[in-house]
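Enquirer: Would you mind keeping the following structure in view while I ask a few things?
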Amino acid sequence: MMVDLLQCMRLVLQYCRYTVRFSLVLFTNVYAISSYCVWLLLLWPVRVLQPSFYWKLETVLFKGLLAMVTTWFFTAGYRIVESGDELSVLYEKEALLLINHQSTGDVPSIMASLHGRQRVGGTLMWIMDEMFRFTHFGAASTLRKDFFIRQGKAFREQQLLKLHSHLVSDYVALDRKWIVLFPEGGFLYKLKDSNKKYAEKNNYPVWNHITLPRVGAVKVVLESLADGLSSPIDKGESSLKISDKDAFHGSLLQWIIDVTIVYPKGDPLTLVNIGAGSWSASDVLLHFRAYPVSEVPKDEEGMKQWLFQRFAEKEMMMEEYYRHGTPLSQTDHQKRLLARRKDGAYHFDGFHVVFFNLFYLLSFYCQFLLIWKPIFICMSHAFIH
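This is the structure:
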């Protein structure tokens with residue numbers, strides 16, 4: 548009887564801890580993202596008069612948002628453990644990140660990993676599902692001109708055309724560096740069954756830990772930004788048409804960074820886990836492999852097979868890890884141009900995290916007193932009268 552009572556008390560205390568932590572995480576979302584959005588709106592005159600300076604300020608402010616996500620990881624006792632290629636030489640290079648997609652925890656994990664890499668965290672351009680436009684983070688992404696892509700065959704060509712125009716104008720004009728893309732187009736658990744049927748029907752491999760990547764968005768990014776990859780869109784080989792004034796000429800994109808994200812025991816981290824601190828594992832594994840864009844075949848079929856090969860290698864690394872506990876770096880023997888980094892936990896910049904927490908908290912307080920409170924008072928008076 549006493550043992551059952553103690554177990555019950557422990558369970559109650561555990562859920563109380565989860566609730567308190569989740570409330571604090573929600574509060575960081577409120578004060579950080581709302582402050583970020585208000586700052587961008589207040590700085591709008593700077594955007595009109597000095598756009599380059601405005602977007603430099605934005606990269607600093609956005610990097611501060613990544614510091615919030617890092618706070619969630621650090622306080623929950625989770626770690627980012629990295630392996631593979633040393634990416635420090637690419638921090639000022641233009642690159643496309645291709646990442647497998649398992650759960651809602653993938654994006655925060657990537658954010659936490661990238662936040663401390665000099666300017667990289669602030670100069671990211673995210674390509675994400677349109678559903679995220681209607682979240683609180685979607686408001687920040689809309690203001691900073693990330694790209695929301697609408698899924699479905701009926702919208703495919705229209706969306707790829709929009710993506711091309713967005714890259715040619717906004718990616719270049721805003722001096723973005725790394726583009727983040729999840730080529731599978733959705734979470735593993737949602738796509739696994741349909742992907743299996745599609746793979747069997749078309750004689751493609753059936754994988755357990757990833758799904759077949761979609762080449763459409765990858766193809767548009769490379770054709771829009773990489774030198775030597777002339778787009779079939781411009782040649783009239785597709786029903787898509789792009790005017791000459793939208794065509795970008797030159798070499799921007801130089802690297803493709805293949806990122807494999809792995810969760811111990813195959814138990815993906817989720818946003819709820821991060822908020823409550825309830826995930827049983829403590830490490831998120833990230834393995835990096837960098838390839839020059841010049842290695843990617845220029846024809847669509849060749850590009851597709853190149854991408855499939857990268858994901859086949861992901862499957863092999865993940866299978867070896869889950870079956871035998873083999874570190875990802877030991878399965879990945881392929882020689883590439885960059886040096887390999889030593890496997891180990893990514894060390895966060897504690898000062899940066901604390902500074903931006905205080906900055907956004909103070910910003911929220913001042914904005915509340917000077918903006919929101921007067922608005923609420925005026926609205927209440929108008930309602931009463």
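Sequential numbering from 548 applies to the sequence shown in the working numbering. Heads up, the beta-carbon is just placed ideally off N, CA and C, and yes, glycines get one too. Here the structure is a predicted model, which means the values were calculated and not measured.
Given that a residue counts as buried once 16 or more other Cβ atoms are within 10 Å of its Cβ, and exposed if not, what is M556?
Expert: Exposed, because fewer than 16 other Cβ atoms sit within 10 Å of the Cβ of M556.
Enquirer: Can you say whether T807 is buried or exposed, counting buried as having 16 or more other CB atoms within 10 angstroms of its CB?
Expert: T807 should be labelled buried.
Enquirer: List the whole-angstrom C-beta distance separating V809 from Y893, where the pair is believed to meet the contact cut-off of C-beta under 8 Å.
Expert: About 14 Å separates the two Cβ atoms, so there is no contact after all.
Enquirer: What's the gap between the Cα of R887 and the Cα of K610?
Expert: Between R887 and K610, the C-alpha separation is close to 26 Å.
Enquirer: Would you kindly work out how many angstroms separate the C-alpha atoms of T651 and D693, rounded to a whole number?
Expert: So the two alpha carbons sit approximately 18 Å from each other.
Enquirer: Alpha carbon to alpha carbon, what distance is there between F903 and S910?
Expert: Spanning the two alpha carbons is a distance of roughly 10 Å.
Enquirer: Do the stretch 842 to 862 and the stretch 754 to 764 touch if we need at least three Cβ pairs shorter than 8 Å?
Expert: Flag = yes, the stretch 842 to 862 and the stretch 754 to 764 touch.
Enquirer: So does the stretch 701 to 718 actually touch the stretch 735 to 742, counting three or more Cβ pairs closer than 8 Å?
Expert: Contact fails: fewer than three Cβ-Cβ distances are below 8 Å.
Enquirer: Which partner residues of M672 appear in the DSSP bridge assignment?
Expert: Answer is I726, bridged to M672.
Enquirer: Which of helix, strand or coil does DSSP assign to D653?
Expert: Here D653 sits in helix by DSSP.
Enquirer: Out of curiosity, what's the CA-to-CA distance linking K782 and A623?
Expert: Bear in mind that a pLDDT of 38 at K782, under 50, signals an unreliable position, so the number given afterwards is only what the model happens to contain. K782 and A623: Cα-Cα distance of roughly 52 Å.
Enquirer: Keeping to the same chain, check which residues put their C-beta closer than 8 Å to that of M863; ignore five residues upstream and five downstream.
Expert: Excluding residues within five positions, the ones whose Cβ falls inside 8 Å are T878.
Enquirer: With distances taken from CA atoms, which of I803, D653, L613, Y907 is nearest V840?
Expert: Per the Cα distances, I803.
Enquirer: Look up S688 in the DSSP assignment and say whether it is helix, strand or coil.
Expert: Of the three classes helix, strand and coil, the one that applies to S688 here is helix, per DSSP.
Enquirer: So is L499 buried or exposed if we call it buried at 16+ other beta carbons inside 10 Å?
Expert: Only positions 548 to 932 of the chain appear in the structure, and residue 499 is not among them; the question remains open.
Enquirer: Would M675 be called buried (16 or more neighbouring beta carbons within 10 Å of its own) or exposed?
Expert: Answer is buried; the Cβ neighbour count reaches 16.
Enquirer: Return the first residue and the last residue of the alpha helix (DSSP H) that W826 is part of.
Expert: Looking at the DSSP string, W826 is not in any alpha helix (DSSP H), and its letter there is neither H nor E.
Enquirer: By DSSP, does Q807 sit in helix, in strand, or in coil?
Expert: Per the sequence shown, residue 807 should be read as Thr rather than Gln. In this structure, T807 counts as strand in the three-state DSSP scheme.
Enquirer: To the nearest angstrom, how far is it from the Cα of V577 to the Cα of Y751?
Expert: Cα to Cα, the separation comes out at about 45 Å.
Enquirer: With a threshold of 6 Å on Cβ separation, who are the neighbours of G824 within its own chain once the five nearest residues in sequence on each side are excluded?
Expert: Counting only Cβ-Cβ distances below 6 Å, and skipping sequence neighbours, we find R568, A623.
Enquirer: Starting from G631, trace the beta strand (DSSP E) both ways and give me its first and last residue.
Expert: Run containing G631: 626 to 631, per the beta strand (DSSP E) assignment.
Enquirer: Alpha carbons only, please: which of E731, V768, F679 is nearest the one belonging to K709?
Expert: Comparing Cα-Cα distances from K709 to each of E731, V768, F679, the minimum goes to V768.
Enquirer: If we count the other Cβ atoms within 10 Å of its Cβ and call it buried at 16 or more, is I931 buried or exposed?
Expert: Per the 10 Å Cβ criterion, exposed.
Enquirer: The beta strand (DSSP E) that contains D830, what's its start and end?
Expert: Segment 830 to 839, the beta strand (DSSP E) holding D830.
Enquirer: Determine, using beta carbons only, whether A837 and L885 come nearer to each other than 8 Å.
Expert: Cβ atoms of A837 and L885: closer than 8 Å.
Enquirer: Around the Cβ of N647, are there at least 16 other Cβ atoms within 10 angstroms (buried) or fewer (exposed)?
Expert: Label assigned to N647: buried.
Enquirer: Checking 8 Å against the spacing of the C-beta atoms, do L643 and I696 come in under that value?
Expert: For L643 and I696, no; Cβs fall outside 8 Å.
Enquirer: Please state the DSSP three-state secondary structure of F895.
Expert: In the structure shown, F895 sits in coil (DSSP, three-state: anything other than H, G, I, E or B).
Enquirer: Should N749 be labelled buried (16 or more other beta-carbon atoms within 10 Å of its own) or exposed?
Expert: Exposed is the call here.
Enquirer: Return helix, strand or coil for F694, following the three-state DSSP convention.
Expert: F694 falls in the strand class under three-state DSSP.
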